[in-house]
Every structure is written in C-alpha cells, then in structure tokens.
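Written below as structure tokens is the structure these notes are about.
Protein chains: 2
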Amino acid sequence: MTNKFRSWIYSLSFIGLIAGGVVAASGTATEGGHGASIALTFLWIAVILIAAKFGGLVEKLGQPAVLGELVIGVILGNLALVGLHTFEPILEDGIIKFLAELGVVILLFQIGLESNIKQMREVGLSAFLVAVVGVVLPFVLGTYVVGPWIMPGLDPNAYLFLGAALTATSVGITARVFKDLGKLHIPEAQIVLGAAVIDDVLGLVILAVVSAIVTVGAVSLGMIGWILAKAILFLVGSIVIGQLLAPWLGRMFAKIQTGIGMKFTLAIIVCLLFAYLAQMIGLAAIVGAFAAGLILDPVHFRYFKDAKIVHDVKQALKDADASNEAIKQVNHAIEEHSHRHIEDLIEPLAFFLVPIFFVLTGMEVKLDSLFDGRVLLVALAITLVAIVGKILAGAAAGKVNKLLVGCGMIPRGEVGLIFASIGKGLGVINDELFSVIVIMVILTTLLTPPILSVMLKKYKE
Amino acid sequence: MTNKFRSWIYSLSFIGLIAGGVVAASGTATEGGHGASIALTFLWIAVILIAAKFGGLVEKLGQPAVLGELVIGVILGNLALVGLHTFEPILEDGIIKFLAELGVVILLFQIGLESNIKQMREVGLSAFLVAVVGVVLPFVLGTYVVGPWIMPGLDPNAYLFLGAALTATSVGITARVFKDLGKLHIPEAQIVLGAAVIDDVLGLVILAVVSAIVTVGAVSLGMIGWILAKAILFLVGSIVIGQLLAPWLGRMFAKIQTGIGMKFTLAIIVCLLFAYLAQMIGLAAIVGAFAAGLILDPVHFRYFKDAKIVHDVKQALKDADASNEAIKQVNHAIEEHSHRHIEDLIEPLAFFLVPIFFVLTGMEVKLDSLFDGRVLLVALAITLVAIVGKILAGAAAGKVNKLLVGCGMIPRGEVGLIFASIGKGLGVINDELFSVIVIMVILTTLLTPPILSVMLKKYKE
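Those protein sequences? They're chains Z and R, same order as listed. Numbers 143 to 603, taken from our numbering, label the letters of the first sequence in order. Numbers 143 to 603, taken from our numbering, label the letters of the second sequence in order.
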C-alpha cells in the first residue's frame with residue numbers, strides 16, 4: 143500500500159466518521175434520551191472547531207484567521223440556500239450561543255490582560271475624541287441627512303433608531319485582527335480599544351434616550367445623568383477598587399491554596415464577575431471583561447509561585463551569592479514568569495471558545511437578505527454612512543495613523559442589532575429597515591478584517 | 143491605617159461585591175432583557191468556582207480537593223433547608239449542567255492522556271475480572287438476597303431494577319482522588335479505570351435486558367449480542383482505528399496551521415467526537431473521552447513544533463555537532479516537550495470545568511431524603527451491599543492491593559440514578575425505593591474520597 147493511497151483511505155474514513163456522526167445526529171436528535179442533547183452539542187462544537195481550523199487556511203494568504211472563521215461561518219450558516227439543512231440546529235442551540243458569548247468575553251479579557259492602564263491613560267484623550275465624533279457623526283448623518291433622504295416618508299422615530307444603530311463599534315472583530323497580526327500594542331490599537339469602551343457607554347445613553355423619546359415622548363436629564371453616572375462609576379470604580387483589591391485578593395487566595403490552578407481560577411472569577419456586573423448596569427459584558435483584564439496586572443499575581451519558579455529562584459540566588467543584584471534579578475525572574483504564566487493559562491480557553499464566537503457570528507449572516515435589489519442598494523448607502531462616519535472620527539485621533547484608527551472603528555455588531563430589534567419591537571422599524579441595518583452590520587463586519595490587514599501590513603512602527 | 147484593618151475593609155468590600163451581585167441576581171433574573179440570563183450564568187459559574195476554591199481548604203487537612211468540592215456543593219445545594227433559596231437557580235441552569243458534563247468529559251480525557259494503552263493491556267485481565275465480579279455480585283445480592291429480605295412484598299421487577307442500579311461504578315470520583323493525590327500511574331488505579339470502562343459496557347447490556355424483561359417480558363439473545371457487539375466494536379475499533387488515524391490526522395492538520403493552538407484544538411475535537419459517538423451507541427460520554435485520551439499518544443503530536451521547541455532543537459544540534467547521538471537527543475527533546483505540552487494545554491480547561499461538575503454533583507445531593515428514619519435504615523443496608531459487593535470484586539484483582547481496587551470501585555453515580563429513573567418511569571420503582579437508591583448513590587459518592595485518601599497515604603509503591 144503506497145503512502146498516498148493510505149492517506150486517501152484515511153481521509154475518506156475520517157470524513158466518513160464525521161459525516162456519519164452528523165447524519166446520525168440528524169436522525170437521533172429527538173430520541174436517545176439521557177444526555178443525547180448534551181452529546182449532540184459536543185458534536186456541534188467539534189464541527190465548529192473543525193470548520194474554524196479550515197477557515198484558518200486564509201492565514202496562508204496572509205489574512206487574519208478571524209476572516210477565515212467568519213467566512214466559513216457564513217458558508218455553514220447558508221448551506222440551507224442549496225438545500226442542506228444539516229447545520230441549522232447549531233443556531234438554535236442555546237449552549238453554543240452561551241459558549242460563543244463566553245468566548246468573546248474571554249477574548250476581551252485576554253486583550254485587557256495584554257493592555258495596561260498606563261498605556262490606556264496615555265491615549266485617553268484621543269480615544270475620547272474618536273468615540274464622541276464616531277458616535278455623533280453617524281447618528282446625525284443617519285437620523286437627519288441620509289436616512290430621510292434615501293428612505294423618505296418613514297416615521298421620524300425610525301430615522302432616530304437608524305441613527306442610533308449606526309453609532310456603536312463592535313470591538314471584537316478589530317481586536318481580533320490586531321491580535322492575529324501581533325499589533326495589539328501599537329497606539330492605534332489602544333485608541334480603538336479605549337474608544338470602543340467609551341462608545342459602549344455613549345451607546346447606553348443613546349439607547350435610553352431614544353427609547354424614552356419613542357415610548358414616553360420625552361427624556362429627563364436626570365435619567366440620562368443617572369445612566370451616565372452608573373456607567374462611569376462602574377468603569378472608574380472597578381479600575382480604582384480593583385487595583386486596591388487585587389493584591390489583597392491574591393494574598394488571601396494564596397492562603398487557601400497556591401499554584402497555577404488557583405491563579406487561573408482567580409483570574410476567571412474576576413473576569414466573570416466583572417462581565418456580569420457590566421451587563422447588570424446595562425453595559426456590554428465584554429466591557430466588564432476588558433476592565434477585569436486591565437486590573438489583573440501581572441504584578442498582583444506574584445504570590446502564586448509554582449515549583450518551577452521557586453526552583454529557578456533558588457538557583458539564581460545560589461549562582462549570584464545572594465547579592466543585592468541577585469535579589470533584583472530574582473524579583474525580575476518571578477515577575478517575568480508570572481506574567482507569561484497567566485496569559486498562557488487563559489490561552490487554551492481562548493483557543494477553545496473564541497472561534498465558536500466568530501464562526502457563529504458568520505453563521506448568523508443571512509445571505510438571502512442580500513437578494514432584494516432595492517433593499518441592498520439602500521443598505522449599501524447606509525453602510526457607506528457607517529464607514530465614512532467612523533473614518534472621519536479617526537481624524538480626531540491626534541498624531542497617529544488616523545485612517546487606521548478610523549477603519550478599526552468600522553465594525554458594527556450586537557449593539558446595532560439590539561437597536562434594530564428594540565425598534566422593531568416598538569413598531570418603529572419595519573422589516574425593510576431592519577434588513578438594511580442587518581446588511582450594514584454584515585458588511586462592516588466582513589469588510590473590516592481584509593481592510594485592516596492590508597493597512598497593518600504597510601504599517602511602520 | 144494598619145494592614146490588618148485594611149485587610150478587613152477589603153474582605154468586607156469583596157464579600158459585599160459578591161453578595162450585591164447575588165442579591166441583584168435574585169431581583170433581576172427575569173427582567174434585564176438581552177444577555178441578562180447569559181450574564182447570570184457568568185455569576186453562577188463565578189460563585190461555583192469560588193465555592194470550589196473554599197472547598198479546596200480540605201487539602202490543608204490532607205484530603206483530596208474533590209472531597210471539599212463535593213461537601214461545599216452539598217452545603218450550597220441544601221441552604222434551602224435553612225430558608226436560603228439564593229442558589230437554587232443554579233440547579234435549573236441548563237448551561238451549568240452542560241459545563242459540568244463537559245467538565246467530567248475533560249477530566250476523563252485528561253486521565254486517558256495520562257494513561258497509556260500498553261499499561262491498560264497489562265492490567266486488562268485483572269480489570270475484566272474485577273468488572274465482572276463487581277457487576278454480578280451486587281446484582282445478585284440486590285435482586286435475590288438483600289432486596290427481597292429487607293423490603294419484602296414488592297414487585298419482583300423492582301428488585302431487578304435495584305440490583306441493576308447497584309452494578310455500575312461511576313469512575314469520575316475515584317479517578318479524581320487518584321489524580322489529586324498523584325497516584326494515577328499505580329496498577330490499582332489502572333485496574334479501576336479499566337474495570338470502570340468494562341463496567342459501563344456491562345451496565346449497558348443489563349439496562350437493555352432489565353428494560354426488556356419489564357416491558358416485553360422476555361429478552362432475545364440477538365438483542366444482547368447486538369448491544370455487546372456495538373459497544374465492543376466502538377471501544378476496540380476506536381482504539382485500533384484511532385492509532386492508525388492519529389499520525390495521519392496530525393500531519394494533515396499540521397499542513398493547515400502549526401502551533402499549539404492547532405494541537406490543542408485537534409485534541410479537543412477528537413475528545414468531543416469520541417464522547418459524542420460513545421453516547422450515540424449508548425455508552426457514557428466519559429468512556430468515549432477516556433478512549434480518545436488513550437489514543438492521543440503524545441508521539442502523534444510530534445508534528446506540532448512551536449517556536450520554543452524549534453529553538454531548543456537548533457541549540458541541541460549546535461551543541462552536539464549533529465552526530466547521531468545528537469539527533470537521538472533532539473527527537474527525545476521534541477517528544478518530551480510535546481508530551482508535556484498537550485497535557486499543559488488541557489489543564490486550564492480542566493481547572494475551569496472540572497470543579498463545576500463536582501460542586502454540582504454535591505448540590506444535587508438532597509439532604510432531606512435522609513430525614514425519613516425507616517428509608518434511611520433500608521438505604522444504609524443497601525449501601526452496605528453496594529460497598530461489600532465491590533470490595534469482594536477487588537479480590538479478583540490479582541497481585542495488587544485488592545482492598546484499594548475494591549474501594550476504588552465503590553462510587554455509584556449517574557448510571558445508578560438512570561436505572562432508578564427508568565424504573566420509576568416504568569412504574570416498577572416506588573418513591574421509597576427511589577429514595578433508597580438516591581441515598582446509596584450519595585453515600586458511596588461521599589464516603590469514597592476519605593476512604594481512598596487514607597489508604598493511598600499508607601500506600602507503598
């Protein structure tokens with residue numbers, strides 16, 4: 143048997159194995175009793191991860207892996223258009239949806255860990271300006287200019303919701319592209335991250351205002367003040383209190399049990415609690431996770447020494463005869479080790495969960511919404527507004543690559559769709575306008591990775 | 143401000159933070175709209191992980207961490223007895239249930255990775271004998287001796303189900319204790335693991351037979367043969383085909399993308415597919431995960447070289463002037479690294495998910511079922527049968543610590559409860575007998591960790 147022939151046989155049996163599983167799944171989804179639905183979710187996760195890895199082939203073309211994950215997701219999610227309904231149950235699986243959400247929370251936590259507060263503070267003013275311009279401009283353009291011009295005759299409140307849906311940047315995509323291409327540390331990336339957090343706070347206020355105008359007919363300044371105060375209190379408070387609490391928390395937990403298990407668990411606990419609290423006050427869970435990552439500065443994890451570190455330390459002390467210089471080196475070694483460690487520990491969780499988020503995001507793209515020519519044309523115009531609004535916002539970024547910042551702010555996601563859903567629920571937004579917003583979200587999501595990728599390759603630090 | 147005072151302030155604010163979160167959760171569980179239920183699950187996971195880490199305090203008393211996780215789970219799950227219903231939603235959260243199930247799958251996968259087929263084959267005969275005796279003895283005792291004697295006058299089929307519920311070992315607890323105490327490699331541990339897998343196959347057959355007797359009134363040998371054949375085909379087939387496929391799979395995936403991300407994802411995919419397939423043919427998902435771990439012998443991952451390994455390799459070659467000896471060393475170094483790596487990558491996932499399984503297992507223990515004196519007495523007698531049956535089975539283990547093997551087989555779990563539920567569904571098992579089986583499961587689960595822990599501390603290799 144030649145190697146090539148054997149390789150074919152193996153390929154066929156592997157594909158047969160998975161196909162058999164998928165076919166069995168379609169047949170037995172409803173019967174099977176105990177644990178069958180849990181097992182089925184195991185299969186779907188495996189399918190998503192396999193798809194994500196095939197999507198990863200785009201890296202050979204110099205594209206960020208996230209683009210491949212999105213595209214393969216779009217394919218999987220639209221196979222129904224050619225009559226293949228096999229993968230549709232994935233979109234209805236609440237557990238997969240949860241894992242995807244946990245995935246993007248872990249991603250932003252990771253990115254928070256890789257960022258630091260000092261760096262964020264340095265770009266704070268730029269980020270603030272980019273956020274404000276990037277919210278005001280698309281809102282005004284959508285609500286008062288392009289909306290009424292291109293779709294005349296709608297309820298004025300409809301334009302209000304359209305404008306609102308154009309405001310908030312969905313930072314997951316951009317963050318992932320910067321991360322995939324190893325550019326998270328550049329000032330442009332930090333500005334986009336900071337601006338996205340501020341965006342989310344502003345989006346919260348806009349949602350409250352727009353909802354109040356539509357339902358009550360007016361807004362009270364007190365209410366806006368209270369929403370803003372809660373959000374700012376959460377962000378500033380969590381960072382200040384977090385920085386005070388983290389060292390103590392580390393010491394306390396170290397008393398119970400030391401070792402990497404404890405370090406990892408503590409990090410995850412803080413991440414989840416912050417994600418929960420952010421969501422509870424109306425911010426996105428990912429904003430909380432990002433704040434948690436910022437707080438967990440590696441220095442606070444110095445109390446967790448695993449056997450390896452202790453051994454390294456002893457060796458270093460012995461070699462240097464315990465001079466002051468040696469002690470300095472030792473501290474340095476411990477911090478280096480700790481630093482590397484916590485991100486290494488989070489990484490496998492990210493390998494597991496993050497692709498689920500992006501493949502699922504791709505799957506939620508409904509290509510048939512692109513089939514109506516008139517809707518598509520309107521949507522293209524609105525997408526242009528979405529893009530131009532953020533690119534102009536990038537001009538407020540100060541002495542950096544303004545276009546890169548602007549393009550980094552382009553993706554709209556969840557928040558835009560939330561506005562659209564609420565507007566639809568209130569009877570303000572009709573099916574057509576809803577489709578327009580969905581297409582705008584799809585296009586900004588899918589266009590950003592290749593655009594950023596081209597710009598980052600030309601980027602000189 | 144003294145350090146002690148500050149520490150108090152911090153403790154109080156941290157507890158306040160969590161308590162505030164939990165209180166907010168009770169209030170807003172139903173409102174909150176988008177993402178609120180997902181965020182709530184984040185909170186519950188954080189609560190479970192915090193509880194698990196406090197449970198980990200038992201390690202200071204020389205007990206395995208799993209015991210602490212179970213006990214803290216029992217406490218959390220029974221706070222309703224003192225009027226505190228705060229944590230009850232955890233038991234109704236389908237996502238937490240899924241994460242727990244995924245946790246025990248990951249645990250058995252890890253244990254499969256740490257075991258190897260050669261070692262398992264060496265203890266194969268012992269494991270087989272232990273499994274058979276450990277199934278037959280409790281079944282006969284329960285069905286024909288102790289059952290009718292202690293609870294006279296029931297439907298004969300009720301005794302049949304009782305006997306069946308006494309058969310199958312739940313290997314998660316024992317495996318975790320051996321792992322916690324660093325004794326997974328001893329022959330007794332391998333025998334218990336092997337016997338538990340065979341147990342599961344026998345349990346599958348017994349379930350089919352007993353169900354057929356109750357519903358149809360008879361069993362066909364053909365049906366038993368078919369069930370046995372499927373199970374054996376899966377186990378033997380997966381190991382044989384897996385060993386053939388793994389190297390090829392590794393090469394193929396390495397073509398797409400190399401690096402630890404791919405290695406980890408491939409391992410998880412294989413684990414989930416095997417768990418799914420095992421469940422589909424009626425075995426437990428954990429049996430599939432264990433088989434997957436056995437197959438993924440580290441040697442097949444040699445195609446994944448991260449930058450660090452490549453660097454080490456180059457250095458080694460340079461140092462040794464590339465003699466044959468050097469190349470040998472190099473291969474060794476790569477394998478060493480690969481080996482360490484894959485288990486290191488799975489570990490954080492286990493840190494995250496495994497405690498969820500054990501805390502939830504504890505929470506499912508309903509202490510109020512122990513309050514009925516008569517039921518409790520009967521349950522104690524049945525528990526004694528459960529324990530004695532497996533300890534006698536240990537005597538079949540050959541030249542090892544027979545008592546240790548027997549005690550390792552004691553825990554009953556899911557499978558026992560499945561028998562009880564099916565029997566109840568068929569109207570064969572009444573409420574009282576159901577409680578008896580539940581208490582037997584509780585007691586065997588909670589008694590095993592301290593017993594094993596005492597024995598393993600005296601154990602001499």
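Cβ coordinates follow ideal geometry from the N, Cα and C atoms, glycine included.
- Spatial neighbours of residue 242 of chain Z in its own chain (CB-CB distance under 7 Å, excluding positions within 5 residues in sequence) are listed in chain order as 498, 499, 502.
- In the three-state DSSP reduction, residue 228 of chain R falls in the coil class, being neither helix nor strand.
- At least 8 Å separates the CB of residue 285 of chain R from every CB of chain Z.
- Across the set Z:187, Z:386, Z:272, the C-alpha of Z:272 shows the shortest separation from the C-alpha of residue 539 of chain Z.
- The C-beta separation of residue 505 of chain R from residue 232 of chain R comes to about 7 Å, placing the pair in contact by the 8 Å criterion.
- Straight across, the Cα-Cα distance linking residue 331 of chain Z with residue 229 of chain Z is about 35 Å.
- The three-state reading of DSSP puts residue 309 of chain Z in coil, since its state is none of H, G, I, E or B.
- Interface annotation, residue 548 of chain Z: not in contact with chain R, CB-CB separation never under 8 Å.
- With contacts defined by Cβ atoms closer than 8 Å, residue 205 of chain R and residue 490 of chain R do not form a contacting pair.
- Contacts with chain Z (Cβ-Cβ distance below 8 Å) from the stretch 180 to 200 of chain R involve 180, 181, 182, 183, 184, 185, 187, 188, 191, 192, 194, 195, 196, 198, 199, listed in chain order.
- Membership of residue 196 of chain R in the alpha helix (DSSP H) is indicated by the continuous run 178 to 197.
- Following the DSSP letters along the chain, one finds residue 356 of chain Z inside the alpha helix (DSSP H) bounded by residues 329 to 357.
- Residues of chain Z with a Cβ closer than 7 Å to the Cβ of residue 407 of chain R are, in chain order, 191, 195, 493.
- Nearest to residue 596 of chain Z by C-alpha distance, out of Z:259, Z:546, Z:558, Z:557, is Z:546.
- In this structure residue 549 of chain Z touches residue 590 of chain Z by the C-beta definition: roughly 7 Å separates them, less than 8 Å.
- When Z:485, Z:393, Z:525, Z:510 are compared, the shortest CA-CA separation from residue 250 of chain Z is found for Z:485.
- At the C-beta level, residue 573 of chain R and residue 223 of chain R stay beyond 8 Å of one another.
- Between the alpha carbons of residue 359 of chain Z and residue 338 of chain Z lies a distance of about 29 Å.
- One Cα belongs to residue 214 of chain R, the other to residue 190 of chain Z, and the distance between them is close to 35 Å.
- Nearest in C-alpha terms to residue 181 of chain Z, of all of R:508, R:423, R:594, R:584, is R:423.
- Taking a C-beta cut-off of 8 Å against chain Z, the contacting residues of the stretch 372 to 392 of chain R are 383, 386, 387, 390, 391, listed in chain order.
- When the alpha-carbon of residue 334 of chain Z is set against those of Z:305, Z:418, Z:533, Z:196, the nearest one is in Z:533.
- In terms of Cα proximity to residue 555 of chain R, the closest of R:298, R:252, R:254, R:342 is R:342.
- Scanning its chain for C-beta atoms nearer than 8 Å, with the 5 sequence neighbours on each side dropped, one finds around residue 487 of chain R the residues 402, 405, 406, 409, in chain order.
- Secondary structure note for residue 601 of chain Z: it is in no alpha helix (DSSP H), with a DSSP letter that is neither H nor E.
- Boundaries of the alpha helix (DSSP H) harbouring residue 244 of chain R: 236 to 256, taken from the DSSP string.
- Just so you know, the alpha carbons of residue 600 of chain R and residue 552 of chain R end up roughly 19 Å apart.
- Linking residue 385 of chain R to residue 258 of chain R through their CA atoms gives a straight-line distance of about 12 Å.
- Apart from sequence neighbours up to five positions away, the residues of its chain that approach residue 317 of chain R with a beta-carbon distance below 6 Å are 253, ordered along the chain.
- A straight line joining the alpha-carbon of residue 427 of chain Z with that of residue 345 of chain Z spans about 14 Å.
- Within a 10 Å sphere around the beta-carbon of residue 291 of chain R sit fewer than 16 other beta-carbons, which makes this residue exposed.
- Residue pairing from DSSP places residue 554 of chain Z in a beta bridge opposite Z:311.
- Within 7 Å of the CB of residue 411 of chain R, the CB atoms of chain Z belong to 188, 191, 192, in sequence order along the chain.
- Only residues of its own chain outside the window of five on either side were considered, and among them 207 have a CB closer than 6 Å to the CB of residue 201 of chain Z, listed in chain order.
- The DSSP assignment places complete alpha helix (DSSP H) segments of no fewer than 4 residues inside the stretch 545 to 592 of chain R at 556 to 567, in order along the chain.
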